[in-house]
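K.L.:
Protein sequences, first through last, are from chains Z and U. Sequential numbering from 1 applies to the first sequence in UniProt numbering. Sequential numbering from 1 applies to the second sequence in UniProt numbering.
There are 2 protein chains.
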Amino acid sequence: MTGVKIVDFAKSSGGYYAPATLASTNTEALYVSGQPGSTHGGIAPTDYESQIHLALMNLRKIMIIGGVTVKDILKLTLLIVDYDPKRRKHARPLEKFLAGHRPAITLIPVIQLAVPSWLFEIDAVIARPAPSSSVPRQLSLERAEKTVDVVIIGAGLSGLAAATELQRAGRSFIILEARDRVGGKTWSQPSPDGEQGVVDVGAAWINSTNQSRMYALAKKYGAEILEQNTTGKCVLQGADGKCSTFEYGDLPKFDAAIVKDVARIRDMVEADCQTLDPARPQNAEWDSVTFEAYLKSRHASEEALATATVWTRAMLGQDPKDISALYFLTYCRSGGGLLQMRSDRLGGGQHLRIRQGTQLFSIGLARDLPEGAICLSTPVSSITQNGISSDVEVTTATQKTYRARKVITTVPSPVLKTISFTPQLPSSKKLWSESSVYGYYTKAMMTFRTPFWVEKGYCGLTQSFTGPAAVIRDTSSLPDQKHVLTCFMAGDPGRDWATLSTKEREKALVKQIGQLFNSEVESSREFVNMVTYEWISDPYSGWGCPCASLAPGVMDTLGGGGLREPFGNLHFAGTETAVNWRGYMEGAVESGERAAAEVIQGLDAGALARL
Amino acid sequence: MTGVKIVDFAKSSGGYYAPATLASTNTEALYVSGQPGSTHGGIAPTDYESQIHLALMNLRKIMIIGGVTVKDILKLTLLIVDYDPKRRKHARPLEKFLAGHRPAITLIPVIQLAVPSWLFEIDAVIARPAPSSSVPRQLSLERAEKTVDVVIIGAGLSGLAAATELQRAGRSFIILEARDRVGGKTWSQPSPDGEQGVVDVGAAWINSTNQSRMYALAKKYGAEILEQNTTGKCVLQGADGKCSTFEYGDLPKFDAAIVKDVARIRDMVEADCQTLDPARPQNAEWDSVTFEAYLKSRHASEEALATATVWTRAMLGQDPKDISALYFLTYCRSGGGLLQMRSDRLGGGQHLRIRQGTQLFSIGLARDLPEGAICLSTPVSSITQNGISSDVEVTTATQKTYRARKVITTVPSPVLKTISFTPQLPSSKKLWSESSVYGYYTKAMMTFRTPFWVEKGYCGLTQSFTGPAAVIRDTSSLPDQKHVLTCFMAGDPGRDWATLSTKEREKALVKQIGQLFNSEVESSREFVNMVTYEWISDPYSGWGCPCASLAPGVMDTLGGGGLREPFGNLHFAGTETAVNWRGYMEGAVESGERAAAEVIQGLDAGALARL
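In structure tokens:
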């Protein structure tokens, strides 16, 4: 439903912009002033790429207010100071911003812009389909299939945890789940060739010390816990592809100066993230730049940059140049800090696994809810809030309508774009939803007949500057005699790997595993099968995993706790909104409990007001 | 039928662009990306003016696909590297491109463009009148005045030659001619003051050796042949207006070094043009630049450039900066080479004239056709091809309809724009038609009572770097006691001359003739009258003579033989499409015969298919 057509002489599909675009007569035209790369508060970082991200965010803000989407863009003009044709740094973020839409573009190198610190500016002409004359939706009590206190959207851990709290508080509710299963991003699949055990294609790890919610659920549902192995040699694959070993907890064996620099950067990131309030992270300067620009401003060495790239890839599927420094530091802080979040030992993010698979938690929570509380295969299509009755009507793609006093949505932020809201979501929520992007992130569980790496003294943990796998972890289940290496493909090398056929993907990983563990013969000989799942194609996860992230400028615009702010009777949960262990199961449960508490308080206040 | 209005505070008619333009409500808007000056294959020539031509061609290509014309342009933005306000080289080609339309324009000097080799870029906003909801034209058998095998458009030499071949093959046909006479650009007028003889205001020369078609027609129709005089002194008028003499076939008496350089350039052009296949000329590099840039890249001296300017003016009415080097070299090649095409001697382009005038050929051919085969004063307005019946319907401005299995159009390429095609012509044909332009080119036949120049030992051939006449030739008819100098006004000096009144034009030429032949007294005293015809105002010749030419980039886009490629049952003839002697009568006849052969083959194949 866009008024824009692409015009192309050679019908070439190449190039991320079109020779020309055509606006149909039935459109309004939105003219956007040059948007510079400065923050909400006017900071223009010295880093050029960060300014590009900020300018695109500023354009997106105008577009949200103007009621247009990326697909409506007719023409962009890029004004670039110190343009270097050999390093067209605008192309990558712009291409991501356009998400396949091809407007007309003119690039104008300039000697300066209106403000001396501005290095990049973008203006736009955007078509807006003329408003249709359709009548606004009316609430229709008669149509409601069911009336409850609370509708919960999503039967992942957040939604199930919220429901559990509502049940405890004696409130009526219903969970609407788009998938034909519960669990969301916890999904345990049986092994493909009928062997014993399961593979977790989604969330996999908990711990026993600072993830009290998950540890309690593990106890409650009889989870058999497997401890992550950290005994033995770790491996680093350098930029030249060569491998070296190091002890778990140490830094890889770079030159002494480099080890010192990598440690310096690691400790600096750790210290910086600890300064943040995880509930209300705020730092306009750190949000004005990419994580890469932040590292470069601290004079990180190449090896330190490569190491930090392994962090962002393994944790978010992103490259440091694609995300806000503040976003990454906040993410670390939510898990207690960079070191704790990345640790496989006691208290770390990857300490304990569940032999039955993590979907055990979701299935357990679901079973404890009243019968009929969960509607599977029921994607929500619209949410209408009625200002006068203060009721909310939730309509599904299956043509059912539910009426409630409160709604908790637990869907990942990119999924909010697929739901029609009346009244529309506030601009800040739209900015969040439209700016949130996943990196490329896929886990491949490689099963082998024998744990040849253990036999050779490796613990199974590796990191690689080349890929395809940025990080590998041993996720074997000894009770099941199942020997598995989980490979994390992420960022640019992950995207390259994803273009291969399944056979080629397997081959590439078998080869890399052989190199890493000095076991080329064994890797190939002992390989059984590969299990993987492309979250990037899954609309109900918001096209990605484990957690969507934000480019510079968005957090600063939203304010520290903006993600969690309710909109009328609509409350927001999901692991992205967690204060602690964001992106983890613990964060999902925390967010569900927090949203339930908000809702219960609101319902109680409503009841009081009626007395 | 454009959606664009010019907005002008002072109603100033000056300037080739408008202060503002207004798009009416009922228009779509086409936004064009910055178009650089590079070829189809991505070559950006180092020559700045060539890039301007290429950028305009690239813009035209987009406009063709977008379904808009120059008159629809609302706004242009010019981005210019190394802009020199004293040498606004973009203005000339842009003004020609705009052809009188005045869009809003902003010029932005820039330090560089997106690609280092780009020196000029143009982007545009263009209004497109909303598509009308008219019902597509339907073929209507009942309406057809006549049904024939072939409709031929144009009763010039091409059309008449095609008809002759069809008659020979026993095919039925009809010729639709817009003018009230046959002959097209062969047009012999009686002398204005009742003297003996005729003057050819159009085509004038043939030869006996390599123009076998024309020589055979001359024999057949009893042409009395007059040989071009090359005995006596030739004259060169230099840039300072001073005249010097030289022998026919020699170079003018420049300094020795300059003579050497002019000879070098002449021989280089000759050698280069001989490398081309006249049927499929291809050279992306030569088509990426103007003929002037080509000459400058070979370090041509000023005199060599001036000499080459005389060539392009006398042959095409163009200045070297306005046409593609490949186009000019191809044109030369089609006439056997620069030297042969320019020669007045045996085998040359200007060797023999016809005492009765060259229209003799057309009239003779027309008389040999069946009665009623030619409809005069019948301009074609539309051509509709029916995919299912594979028939073609040709409608005229006189509201008549003809139905045929094949159509041969012989109109000059700019005339194609005036005919409505259903389905539309392919983009490449549109690009050809819309890019084809004539230079300024007018012949003035100056009749004198006595051949005073002959009496003073001149052969009558002159060339001038100043003008008004770039070239003069003696076109006297001794049998008629008629003493005539034909003056070729072309290019910029021709345009200046055309702004004068008839009296002033005569006076200017009488004066120049006096200077050239050192005969100021005689020239004035013996002058009888001037006959001239402004082809530039003639819509049926496509507003010019003798042959339309192309700026850089078009030939490269069309491919070597693109002009001759049929479109469904529509075949293309006319001297422009000839392999040999393009722009000459010989080429016209060749092209008509070739198109007839295509058509006969197609009709035969169709007949076979029905067996």
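All residues carry an ideal CB built from backbone N, CA and C; glycine is no exception.
Checking the sheet assignment: what are the DSSP bridge partners for D474(U)?
P.N.:
Here residue 474(U) is taken as the residue at index 474 of the second sequence, counted from 1. DSSP output for D474(U) lists L485(U) as bridge partner(s).
K.L.:
On the three-state DSSP scale, how would you describe R333(U)?
P.N.:
On the second sequence, position 333 is the one that residue 333(U) refers to. In the structure shown, R333(U) sits in a helix (DSSP, three-state: H, G or I).
K.L.:
Excluding five sequence neighbours on each side, which residues of the same chain lie with their C-beta closer than 8 Å to the C-beta of I600(Z)?
P.N.:
Here residue 600(Z) is taken as the residue at index 600 of the first sequence, counted from 1. So the qualifying residues of the chain are E165, L166, A169, R171.
K.L.:
Count the other C-beta atoms from every protein chain shown that fall within 10 angstroms of the C-beta of Y31(Z), then say buried if there are 16 or more, exposed otherwise.
P.N.:
Here residue 31(Z) is taken as the residue at index 31 of the first sequence, counted from 1. Label assigned to Y31(Z): exposed.
K.L.:
Using only the alpha-carbon positions, how far apart do T532(Z) and M63(U) sit?
P.N.:
Start at 1 with the first residue of the first sequence, and residue 532(Z) comes out as number 532. Start at 1 with the first residue of the second sequence, and residue 63(U) comes out as number 63. Approximately 48 Å, taken between the alpha carbons.
K.L.:
R495(U) touches chain Z at which residues, Cβ-Cβ below 7 Å?
P.N.:
Working through the second sequence from its first residue, we reach residue 495(U) at position 495. Per Cβ cutoff of 7 Å: no residues; R495(U) is ~32 Å from chain Z at best.
K.L.:
Decide if L160(U) is buried, meaning its Cβ has at least 16 other Cβ atoms within 10 Å, or exposed.
P.N.:
Along the second sequence, read from residue 1 onward, the residue named residue 160(U) stands at position 160. The residue in question, L160(U), is buried, as its Cβ has 16 or more Cβ neighbours within 10 Å.
K.L.:
Find out if the Cβ-Cβ distance for the pair residue 617(Z), S427(Z) is shorter than 8 Å.
P.N.:
Beyond the ends of chain Z as shown, which are 1 and 611, falls residue 617(Z); an answer cannot be given.
K.L.:
Any idea which residues DSSP pairs V437(U) with across the strands?
P.N.:
As a working note, residue 437(U) is residue 437 in the second sequence. DSSP, once it has assigned bridges, lists S549(U) as partnering V437(U).
K.L.:
Using a beta-carbon distance below 8 Å, is I122(Z) in contact with chain U?
P.N.:
In the first sequence, counting from the first residue as 1, residue 122(Z) sits at position 122. Output row for I122(Z): interface = no.
K.L.:
With a 10 Å radius around its C-beta and 16 neighbouring C-beta atoms as the bar for buried, classify H351(U) as buried or exposed.
P.N.:
As a working note, residue 351(U) is residue 351 in the second sequence. Buried, by the Cβ-count rule.
K.L.:
Beta-carbon of S33(Z) versus every beta-carbon of chain U: anything under 8 Å?
P.N.:
Within the first sequence, residue 33(Z) is the residue found at index 33, counting from 1. It does not; no Cβ of chain U falls within 8 Å.
K.L.:
Which runs of the beta strand (DSSP E) at least 3 residues long sit entirely within the region 524-593 of chain Z? Give them in chain order.
P.N.:
Counting whole runs of 3 or more residues, the region 524-593 of chain Z contains the beta strand (DSSP E) stretches 527-532, 570-572.
K.L.:
Against chain U, with Cβ distances strictly below 8 Å, would Y16(Z) count as a contact?
P.N.:
Locating residue 16(Z) in the first sequence gives position 16, where the first residue counts as 1. Judged by the 8 Å Cβ criterion, Y16(Z) is not in contact with chain U.
K.L.:
Suppose you measure from the CA of F448(Z) to the CA of D538(Z); what does that come to, to the nearest Å?
P.N.:
Locating residue 448(Z) in the first sequence gives position 448, counting from the first residue. Locating residue 538(Z) in the first sequence gives position 538, counting from the first residue. Taking the straight line joining both Cα atoms gives about 28 Å.
K.L.:
Is Y83(Z) helix, strand or coil by DSSP?
P.N.:
Mapped onto the first sequence, residue 83(Z) falls at position 83. It is coil, neither helix nor strand.
K.L.:
Nearest chain Z C-beta to T27(U) closer than 8 Å, yes or no?
P.N.:
What you label residue 27(U) is simply residue 27 of the second sequence in a count that begins at 1. Cβ-Cβ to chain Z under 8 Å: yes for T27(U).
K.L.:
What are the residues in the region 37-68 of chain U lying within 7 Å of chain B by C-beta distance?
P.N.:
Within the model displayed, chain B is absent; protein chains Z and U are what it includes.
K.L.:
Closest by CA to G587(Z), which one among V554(Z), S420(Z), R333(Z), V201(Z)?
P.N.:
By 1-based counting over the first sequence, the position of residue 587(Z) is 587. Comparing Cα-Cα distances from G587(Z) to each of V554(Z), S420(Z), R333(Z), V201(Z), the minimum goes to R333(Z).
K.L.:
Hey, could you find the ends of the alpha helix (DSSP H) P93(Z) is sitting in?
P.N.:
Sequence index remark: in the first sequence, residue 93(Z) carries index 93 (1-based). Segment 91-98, the alpha helix (DSSP H) holding P93(Z).
K.L.:
Answer with buried or exposed for L141(U), where buried requires no fewer than 16 other C-beta atoms within 10 angstroms of its C-beta.
P.N.:
Residue numbering aside, residue 141(U) sits at position 141 when the second sequence is read from its first letter. Here the model assigns L141(U) a pLDDT of 49, short of 50, so the residue's position is not dependable, and the following value carries that caveat. Burial call: exposed.
K.L.:
Which class does I111(Z) belong to by DSSP, given the choice of helix, strand or coil?
P.N.:
Walking along the first sequence from the start, residue 111(Z) turns up at place 111. I111(Z): coil per DSSP, three-state reduction.
K.L.:
Which bits of chain Z does Q116(U) rub up against, with CB to CB less than 8 Å?
P.N.:
Start at 1 with the first residue of the second sequence, and residue 116(U) comes out as number 116. A small fix is needed here, since residue 116(U) is Pro in this sequence, not Gln. Correct list: P85.
K.L.:
Which residues does DSSP pair with M315(U) in a beta bridge?
P.N.:
Mapped onto the second sequence, residue 315(U) falls at position 315. Answer is none; M315(U) lacks a bridge partner.
K.L.:
According to DSSP, is T164(U) helix, strand or coil?
P.N.:
Against the second sequence, residue 164(U) aligns to sequence position 164. Three-state DSSP puts T164(U) in a helix.
K.L.:
So which residues of chain U does S382(Z) contact, with C-beta pairs closer than 8 Å?
P.N.:
Position 382 of the first sequence holds residue 382(Z). Here the premise fails: no neighbours, minimum Cβ distance about 32 Å.
K.L.:
Applying a beta-carbon distance threshold of less than 7 Å, which residues of chain U neighbour K75(Z)?
P.N.:
Translated into the one-based positions of the first sequence, residue 75(Z) becomes position 75. Near K75(Z) (Cβ distances below 7 Å), the residues of chain U are Y31.
K.L.:
Excluding sequence positions up to five away, which residues of its chain have a Cβ less than 7 Å from the Cβ of A124(Z)?
P.N.:
As a first step, residue 124(Z) is located in the first sequence; it is residue number 124 there, counting from the start. V32, L59, I73, K75, L76, listed in sequence order.
K.L.:
Applying a beta-carbon distance threshold of less than 8 Å, which residues of chain Z neighbour V110(U)?
P.N.:
For the purposes of this step, residue 110(U) is identified with residue 110 of the second sequence, where counting begins at 1. Within chain Z, the residues near V110(U) are I108, P109, V110.
K.L.:
Just confirm the distance between the C-beta atoms of P552(U) and T290(U), as a whole number of angstroms; I'd bet it's less than 8 Å.
P.N.:
Within the second sequence, the letter at position 552 stands for residue 552(U). Within the second sequence, the letter at position 290 stands for residue 290(U). Their Cβ separation, rounded to whole angstroms, is 6 Å, which keeps P552(U) and T290(U) in contact under 8 Å.
K.L.:
In the structure shown, what three-state DSSP assignment does E292(U) receive?
P.N.:
Residue mapping note: residue 292(U) aligns to position 292 of the second sequence, counting from 1. Residue state, collapsed to three classes: helix.
K.L.:
In chain order, what residues of the same chain lie with their CB nearer than 6 Å to the CB of E522(Z), ignoring the 5 residues before and after it?
P.N.:
The residue given as residue 522(Z) occupies position 522 in the first sequence. These residues qualify, in order along the chain: F452.
K.L.:
Could you give the uninterrupted runs of the alpha helix (DSSP H) lying entirely in the region 239-306 of chain Z, keeping only those of 4 residues or more?
P.N.:
You should have 256-274, 284-287, 291-297.
K.L.:
Could you tell me which chain U residues have their CB closer than 7 Å to the CB of S24(Z), listed as they occur along the chain?
P.N.:
Working through the first sequence from its first residue, we reach residue 24(Z) at position 24. E28, listed in chain order.
K.L.:
Span of the alpha helix (DSSP H) holding residue 617(U)?
P.N.:
This structure does not reach residue 617(U), given that chain U is present from 1 up to 611, and the question cannot be answered.
K.L.:
When the distance is taken between beta carbons, is T396(Z) closer than 8 Å to L176(Z)?
P.N.:
What you label residue 176(Z) is simply residue 176 of the first sequence in a count that begins at 1. What you label residue 396(Z) is simply residue 396 of the first sequence in a count that begins at 1. In contact: L176(Z) and T396(Z) (Cβ atoms closer than 8 Å).
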